[in-house]
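First comes the structure, then the notes that go with it.
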Amino acid sequence: MDYVHLGRTGLRVSRIVLGTMNFGPVTGEAESHRIMDAALDAGVNFFDTANVYGWGENKGRTEEILGTWFAGGGGRRDRTVLATKVYGSMSAEGKTWPNEDKLSALNIRRAVEASLKRLQTDHIDLYQFHHVDRDTPWEEIWQALDVLVQQGKVLYVGSSNFPGWAIAQANEKADRRGSLGLVSEQCIYNLIERRAEMEVIPAAEVYGLGVIPWSPLHGGLLGGVLRKQAEGTGGRSLGGRSEEYLADPANRAKIEAYEALSAKHDLDPGDVGLAWLLSRPGVTGPIVGPRTDGQLASALRAAELKLDDEFLAALDELFPGPGPSPEAFAW
28 MDYVHLGRTG
38 LRVSRIVLGT
48 MNFGPVTGEA
58 ESHRIMDAAL
68 DAGVNFFDTA
78 NVYGWGENKG
88 RTEEILGTWF
98 AGGGGRRDRT
108 VLATKVYGSM
118 SAEGKTWPNE
128 DKLSALNIRR
138 AVEASLKRLQ
148 TDHIDLYQFH
158 HVDRDTPWEE
168 IWQALDVLVQ
178 QGKVLYVGSS
188 NFPGWAIAQA
198 NEKADRRGSL
208 GLVSEQCIYN
218 LIERRAEMEV
228 IPAAEVYGLG
238 VIPWSPLHGG
248 LLGGVLRKQA
258 EGTGGRSLGG
268 RSEEYLADPA
278 NRAKIEAYEA
288 LSAKHDLDPG
298 DVGLAWLLSR
308 PGVTGPIVGP
318 RTDGQLASAL
328 RAAELKLDDE
338 FLAALDELFP
348 GPGPSPEAFA
358 W
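The sequence shown lines up with residues 28 to 358 when you count with my numbering.
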């Protein structure tokens, strides 16, 4: 496993990030623990979760599963770079009492303490804002995080689903306070969804943020979906947006060509999609969310795959990026 620094920090993390969103809702606790053991044994040291994972009445369940795994000992916590998130309401009833969501200083304080308890740890390595809060001033947000950093409960701060302007705004405000600011951005980014290249990724590069792509296979569309459907090995059905994508003949033709290109080189389409992300400038590592040991093994193979320039050019032709900003839309 290769390791890189997370953005401009001295923190070294694996180039594959273990996403845990399936732990609890889809994958039971025992198998989740086995997947985490296998990931750590393979050198994956970067685990990502969120306080709302578990969903519905089970919000927080995923953090609890990580907590029981950490409690098992064996140096697991010390060997893991732990990332979680704050923003969404933790109310199981769907009714949010005032100050129980978003990024007020009060909610951040409460959310950190609750996550630490569920995770059975005394600190969070990377605390990420799950979404932009347009109603809370950055001075308040950074004051709350500065206190948590001083207390040793949070080490680094990152963002998720931020536009480029919010990354700039957040880090300019942090710089004026003498704070480190955001060190990572977790955004949707893959061969099909490349809009992040216009402004999010350039902003991350300028401000020294590591980019952590989520949905690296775009909901399974880049994982060999057509072949699996033909073989009857597709597993869970695709979501609505993925089905809509394939309903367009032009999009379906792209996926057919993508799978044919991968097959021509004796490569698994899912491995290709992850390897392409690992070749992109500014990308720390994609988040993979395995539901089984086999899916984790596939992601680990991708970390060793190097695509040559000819292959990368063919992928660009199939899935062209939007181009740089402002040229992409101005002139």
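Built from N, CA and C at the ideal position, the CB exists for glycine as well.
This one's a predicted model, so the numbers in the text were calculated from it and none came from an experiment.
- Beta-bridge analysis with DSSP links His-32 to Arg-39.
- For the set Met-28, Ala-302 and Gly-246, the Cα lying nearest the Cα of Gly-316 is the one of Gly-246.
- In this structure, DSSP gives Val-315 an extended state, which the three-state scheme calls strand.
- Counting C-beta pairs with one atom in each stretch, the stretch 127–147 and the stretch 90–103 have three or more that are closer than 8 Å, which means they touch.
- Here Leu-45 is near Phe-74, since their CB atoms are less than 8 Å apart.
- Boundaries of the beta strand (DSSP E) harbouring Thr-111: 108–113, taken from the DSSP string.
- Thr-123 counts as exposed, since fewer than 16 other beta carbons sit within 10 angstroms of its beta carbon.
- Nearest neighbour of Gly-205 by Cα position, chosen from Ala-197, Arg-42 and Asn-126, turns out to be Ala-197.
- Within the same chain, Cβ atoms closer than 7 Å to the Cβ of Ser-289 are found at Asp-295, Pro-296 and Val-299, the five residues on either side in sequence being excluded.
- Approximately 17 Å separates the beta-carbon atoms of Arg-42 and Met-63; this is outside 8 Å, ruling out the contact.
- The distance from the Cβ of Ile-194 to that of Ser-211 is about 10 Å, inconsistent with a contact at the 8 Å cut-off.
- For Gln-155, the beta-bridge partners assigned by DSSP are Lys-112 and Gly-185.
- Annotation: the continuous alpha helix (DSSP H) that includes Asp-298 extends over 296–305.
- The beta carbon of Ser-242 sits closer than 7 Å to the beta carbons of Ile-215 and Asn-217 from its chain, once the five residues preceding and following it are set aside; these are given in chain order.
- Taking a 10 Å sphere around the C-beta of Pro-276, we find fewer than 16 other C-beta atoms and assign the residue as exposed.
- Between Leu-67 and Thr-111, the C-beta spacing is not below 8 Å.
- Its chain contains Ile-135, Arg-136, Val-139, Tyr-154 and Val-181 as the residues whose beta carbon lies nearer than 8 Å to that of Leu-175, once the 5 sequence neighbours on both sides are disregarded; these appear in chain order.
- For Leu-345, same chain residues with a beta-carbon under 8 Å away, outside a window of 5 residues either side, are Leu-218, Lys-281, Ala-284, Tyr-285 and Leu-288 in chain order.
- For Glu-167, same chain residues with a beta-carbon under 6 Å away, outside a window of 5 residues either side, are Ala-132 in chain order.
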